[in-house]
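If you read the sequence shown in the UniProt record's numbering, its first letter stands for residue 3, the second for the next number, and so on. Everything on this sheet refers to the single structure shown next.
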Amino acid sequence: LHGSMEIRENELYIGGVGCRQIASEYKTPVYVFDEQLIIDNCREYRKYFKAEENGNRVAYAGKAFLPSYMCRLMKEEKMCLDVVSGGELYTAYKSGFPMENVFFHGNNKTREEVEMGVAYGVGKFVVDNFYELDMLEEICERENKVQEIYFRITPGIEAHTHEYIKTGQIDSKFGFALVNGDYYNAIEKLKEYDRVKLVGIHAHIGSQIFDIDPFLDEVDVMMNLVKETKEKYGIELTDVDLGGGIGVYYTDEDKPKAIKDFCEAIIERTEKTCSEIGIDVPKLVIEPGRSVVANAGSTLYTIGSIKEIKDVRVYVSVDGGMTDNIRPSLYHAGYECSIVNKMNSNTDNKVTIAGKCCESGDILISNVAVSEIESGDTLITTSTGAYGYSMSSNYNKIPKPAVVAVKDGKITPVCRRQTFDDLMELEL
Ligand code: LLP
């Protein structure tokens with residue numbers, strides 16, 4: 003049970019609203035977001051990352067889930083925002099998100115996107131490569147603007163859920179590598195340019211990481227680079243952006259650490275390393291996506307066909323699947339599920355939850371223990387808040403589900419369900 007989830011007489015409630023009520027009012031599939039949990043996560047991050055105290059910034063990575071609703075909530079919670087495309091930038095702009103608090107990422111920003119970012123006045127461009135650097139200088143020159151930038155670097159640390167490696171890491175599509183001197187070549191280039199102003203460096207070492215150590219190594223690499231950049235080039239980097247990647251709970255195999263532990267360890271290490279190498283402590287930026295929204299989101303489905311293949315498997319099919327949650331088929335990601343009104347009656351009964359797409363790989367959860375199931379029951383999969391809706395598709399011309407937020411017993415609609423006409427809207 004995450005956040006405000008509670009069980010009242012065998013039924014699951016989120017934000018004080020019964021899941022059966024949500025399913026009947028909004029139909030299924032529907033994504034349900036626990037607004038208080040999103041807020042609590044933001045506050046936790048800002049508190050332990052010392053946003054007020056030290057001026058560090060927490061930028062929510064919009065790729066995880068970015069309707070207007072999130073832009074407004076992030077603004078209210080004084081979060082910054084990491085965007086990676088014209089579409090995300092446009093959503094933030096249209097939602098009234100303060101552009102000076104936007105970090106614009108991406109390894110192949112188009113000319114239109116760069117122009118848009120400059121016109122909107124985004125706070126920082128996280129410049130990924132020479133092509134972008136040249137284009138940004140040219141556009142700023144034309145528009146008579148000066149743009150603050152970070153350089154994205156590949157720091158030679160790659161972390162995955164259960165391991166991490168320190169490598170030369172030239173082979174990445176992202177950023178300027180340190181090992182082959184590209185970072186320094188980019189700095190050299192700045193001598194010719196006066197419209198782009200380098201104020202920081204950025205790196206992102208991976209996603210769904212449970213271990214704090216790779217982040218601490220990243221801190222060391224980055225702080226040493228700040229020192230070197232000043233000594234060699236006289237450039238004072240005031241900001242260091244450490245990217246996102248903090249892991250969350252999906253199933254009981256996952257053992258995530260608290261936001262507090264990550265933040266405190268990172269800050270402590272930064273201060274220690276800076277004092278050892280004799281530099282001022284820069285302002286830190288962190289870019290969590292998953293750990294802000296994953297556990298706050300759940301998906302409700304209605305169970306349809308139940309097919310028992312004796313001694314082999316029971317397929318329980320739901321009215322959604324890989325179109326609203328691609329993660330199981332794309333990454334073999336694990337999830338947990340329950341029947342929302344049979345919360346206290348789990349059995350050893352193992353079933354496989356299948357989606358409705360015409361694809362054998364459209365399986366949401368294999369061999370999961372659930373209570374007695376009947377067609378018509380409402381099933382919930384938890385922790386679908388990050389990279390669920392944002393990676394959803396219209397495969398098989400299945401409309402995207404509705405999205406609602408719940409808090410204090412109230413339901414707020416966030417996105418309406420797509421209609422069949424929406425699906426034909428683009429056709430000429
Ligand atoms: N910053 C940068 C530069 C990133 O590339 C990412 C994620 C983040 C921040 C946020 O990372 P998070 O805190 O959410 O781990 N679709 C995949 C995840 C891809 C993440 C890509 N970059 C999934 O569903 O697991």
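Here a beta-carbon is modelled for each residue, glycine too, at the ideal position from N, C-alpha and C.
Spatial neighbours of Y50 in its own chain (CB-CB distance under 7 Å, excluding positions within 5 residues in sequence) are listed in chain order as I261, K262, C265, E266. Residue burial is scored here from C-beta neighbours: T414 has fewer than 16 other C-beta atoms within 10 angstroms and is therefore classed as exposed. Taken through DSSP and simplified to helix, strand or coil, S331 comes out as helix. Boundaries of the alpha helix (DSSP H) around S70: 70–78. Between Y317 and T354 the beta-carbon gap is near 5 Å, inside 8 Å, which marks them as a contact.
Short note on D84: C-beta closer than 8 Å to some heavy atom of the ligand LLP.
By the 16-neighbour rule on beta-carbons within 10 angstroms, F422 is exposed. Residue pairing of S319 in beta bridges, as defined by DSSP: A356.
If you check the CB distance, K234 and Y186 come in under 9 Å. The beta carbon of R45 is closer than 8 Å to those of E79 in its chain, skipping five residues each way along the sequence.
Between the C-alpha atoms of G108 and G17 there is a straight-line separation of about 35 Å. Inclusion of R292 in the 8 Å shell around the ligand LLP follows from its C-beta lying nearer than that to a non-hydrogen atom of the ligand.
Contact between the segment 276–295 and the segment 374–384 is absent: fewer than 3 CB-CB pairs across the two stretches fall below 8 Å. T275 counts as buried, since at least 16 other C-beta atoms from the protein chains shown sit within 10 angstroms of its C-beta. Taking 8 Å as the cut-off, one finds no heavy atom of the ligand LLP near enough to the beta carbon of E139.
Straight through space, the alpha carbons of I172 and N182 are spaced by roughly 7 Å. For a cut-off of 8 Å, the C-beta gap from S347 to N43 is around 31 Å, too long to register as a contact. Within the chosen limit of 8 Å, the ligand LLP does not reach the beta carbon of Y152 with any heavy atom.
The closest CA to that of T272, considering only G249, N226, Y122, K309, is found on N226. A Cβ-Cβ separation of about 10 Å leaves A161 out of contact with I214 under the 8 Å criterion. Under the Cβ criterion (8 Å, minimum of three pairs), the segment 238–251 does not count as touching the segment 190–197.
Taking 9 Å as the cut-off, the Cβ atoms of V32 and T384 do not count as close. Boundaries of the alpha helix (DSSP H) around L138: 132–145. Judged by DSSP in its simplified three-state form, R113 adopts helix.
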